[in-house]
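Q:
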Amino acid sequence: MTNILFRNEADGSSFEMTQPKAARVLDDIQQWATKNSFDHITFWRDGEDSSKYWVQLGDDRLNYWVHETTFSEGKHEDVEMQLDYARGAQRRSAAGFAKFDK
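Under our numbering, the first residue of the sequence shown is numbered 71, with each subsequent residue one higher.
(1) Run through the region 95–172 for me and flag every whole beta strand (DSSP E) of 3 or more residues, listed as ranges in chain order.
(2) So, at 6 Å on beta carbons, what are the nonlocal neighbours of residue 89 in its own chain, with the 5 sequence-adjacent residues on each side left out?
(3) Going by beta-carbon coordinates alone, are residue 72 and residue 104 separated by less than 7 Å?
(4) Starting from the C-beta of residue 235, find all residues in its chain whose C-beta is less than 7 Å away, skip the five residues before and the five after it, and write them out in chain order.
(5) For residue 76, list the residues DSSP reports as bridge partners.
(6) Who are the near neighbours of residue 92 in its chain, counting only those whose CB is closer than 8 Å to its CB and skipping five residues on each side?
(7) Let me check understanding here. Comparing Cα to Cα, which of 81, 82, 156, 86 lies closest to residue 128?
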């Protein structure tokens, strides 16, 4: 089972995603992570803009973020596509193209 973590970028502390509509999104993330063989996914809340959650797939922290409304508004139909984009960012980074992702 994949661990889905939420952390604050400012101090590294963890927090729970308590948005009422987030449960379905978290279920979809769990299914996506299992299908794509990720043991853990971490969402880092930006220190300057709390609406941005930077994505970390496994050990790779990416230059890709998901908007807070994905969780607060329960946008489960979008999360698989967003995680696929994040995985693409992970692959670009592994191939040495991360410097072009801004």
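Even for Gly, the Cβ is constructed at its ideal location relative to N, Cα and C.
A: To lay it out plainly:
(1) Runs of the beta strand (DSSP E) inside the region 95–172: 110–115, 122–127, 130–137.
(2) Taking residue 89 as the centre and dropping the five residues before and after it, the same chain places the C-beta of 141, 142 closer than 6 Å to its C-beta, in chain order.
(3) Their beta carbons are under 7 Å apart, which means residue 72 touches residue 104 by this criterion.
(4) Nothing about residue 235 can be read from this structure; the chain reaches only from 71 to 172.
(5) According to DSSP, residue pairing for residue 76 in a beta bridge involves 113.
(6) Cβ-Cβ distances below 8 Å link residue 92 to 141, 142, 144 in the same chain, with the five nearest sequence neighbours on each side left out; the list follows chain order.
(7) When each option's Cα is compared against that of residue 128, the closest is 156.
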